[in-house]
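Quick note on my numbering: the sequence shown kicks off at 1 and runs consecutively.
Using N, Cα and C, we set each Cβ at its ideal position, and we do this for glycine too.
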Amino acid sequence: LGLAAGYPLSIAFVSVSKAKAREAGFSYLVNFVYDSPYFMREFAPDPRITGSLKFPKHITVAPVVTNANGVISNNLIGLLIDEAAFMRTVADSKLARGTETIYDQGWEIYTQAVTRMTSRFEREGVMMPGKVIIASSAQFPDDMVSRRILQVRQGDLKGVLISELSLWAAKPPNQYSKATFQVEVGD
Numbered sequence: 001l002g003l004a005a006g007y008p009l010s011i012a013f014v015s016v017s018k019a020k021a022r023e024a025g026f027s028y029l030v031n032f033v034y035d036s037p038y039f040m041r042e043f044a045p046d047p048r049i050t051g052s053l054k055f056p057k058h059i060t061v062a063p064v065v066t067n068a069n070g071v072i073s074n075n076l077i078g079l080l081i082d083e084a085a086f087m088r089t090v091a092d093s094k095l096a097r098g099t100e101t102i103y104d105q106g107w108e109i110y111t112q113a114v115t116r117m118t119s120r121f122e123r124e125g126v127m128m129p130g131k132v133i134i135a136s137s138a139q140f141p142d143d144m145v146s147r148r149i150l151q152v153r154q155g156d157l158k159g160v161l162i163s164e165l166s167l168w169a170a171k172p173p174n175q176y177s178k179a180t181f182q183v184e185v186g187d
């Protein structure tokens, strides 16, 4: 990865609040890891630590504060932004950067994380390691999720997956009744 041996790596979970990050994604991961025979045998986290997962080889997974400061000063190798389109967007904000007048919390976290990951790990001819996952439904045409989808579709970006599913397609079929009905569509 280009870092000296022993340098810590981190994966951050972010949501609309640190409590939501802990509750929404991180708690599921903790349960998965502790229920996994592979992890418990080959890569078990330190059981004395409860607020994060501290794995061997200096790898930490943790929910972090919900602002760009949560991802700085880390050798970030992964990021999950949950409910990105529901994060704060403030017009005429003092937190806006450069010529921007709108502060978009999700976008700010995303750009800080990607900048951090790129500066630490990107090398010529080698795809940047790690993953950034933005898990959210778009709320309006210019929200953070919609802008990122548009960026990806307009650019020639490799290694980006967009998954847009209806609610009924995303859930297992046994969540719904087998009964169906017809709908007439027309003018």
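When you compare each of the options to residue i by their alpha carbons, which one comes out closest?
{"i": "T66", "options": "K178, K158, F86, E42", "result": "F86"}
{"i": "S17", "options": "Q139, G78, F26", "result": "F26"}
{"i": "Y110", "options": "S177, R148, Y176", "result": "R148"}
{"i": "L80", "options": "Q182, F13, L167", "result": "F13"}
{"i": "T115", "options": "L161, M128, P56", "result": "M128"}
{"i": "A138", "options": "F121, L167, Q154", "result": "L167"}
Have a look at the DSSP bridge pairing and note the partners of residue i.
{"i": "G78", "result": "I11, K131"}
{"i": "F55", "result": "I59"}
{"i": "D104", "result": "T89"}
To which residues of the same chain is residue i closer than 6 Å at the C-beta, ignoring the five residues directly before and after it?
{"i": "W107", "result": "M144"}
{"i": "S15", "result": "A21, A24, D82, E83"}
Between the C-alpha atoms of residue i and residue j, what's the straight-line distance to the nearest angstrom?
{"i": "P45", "j": "A179", "result": "46 Å"}
{"i": "P172", "j": "S163", "result": "16 Å"}
{"i": "D41", "j": "H58", "result": "Strictly speaking, residue 41 in this sequence is Arg, with Asp absent from that position. The straight-line gap from Cα to Cα measures roughly 17 Å."}
{"i": "K158", "j": "S146", "result": "18 Å"}
{"i": "Y28", "j": "F39", "result": "14 Å"}
{"i": "P63", "j": "R48", "result": "17 Å"}
{"i": "P141", "j": "F43", "result": "42 Å"}
{"i": "N31", "j": "T50", "result": "12 Å"}
{"i": "E124", "j": "Y7", "result": "21 Å"}
{"i": "I102", "j": "L161", "result": "27 Å"}
I believe residue i touches residue j by the beta-carbon criterion, under 8 Å. Please report the beta-carbon distance rounded to the nearest angstrom.
{"i": "V33", "j": "L53", "result": "6 Å"}
{"i": "L76", "j": "A135", "result": "Going by Cβ atoms, the distance from L76 to A135 rounds to 17 Å, so no, they are not a contact pair."}
{"i": "I11", "j": "V61", "result": "4 Å"}
{"i": "T118", "j": "D104", "result": "Not confirmed; about 20 Å, so no contact."}
Report all residues from its chain with a CB closer than 7 Å to the CB of residue i; omit the five preceding and five following residues, and keep chain order.
{"i": "G78", "result": "I11, G130, K131"}
{"i": "F55", "result": "F43, P45"}
Take residue i and list the residues in its own chain whose beta-carbon comes closer than 8 Å to its own, dropping the five residues that flank it on each side.
{"i": "F181", "result": "none"}
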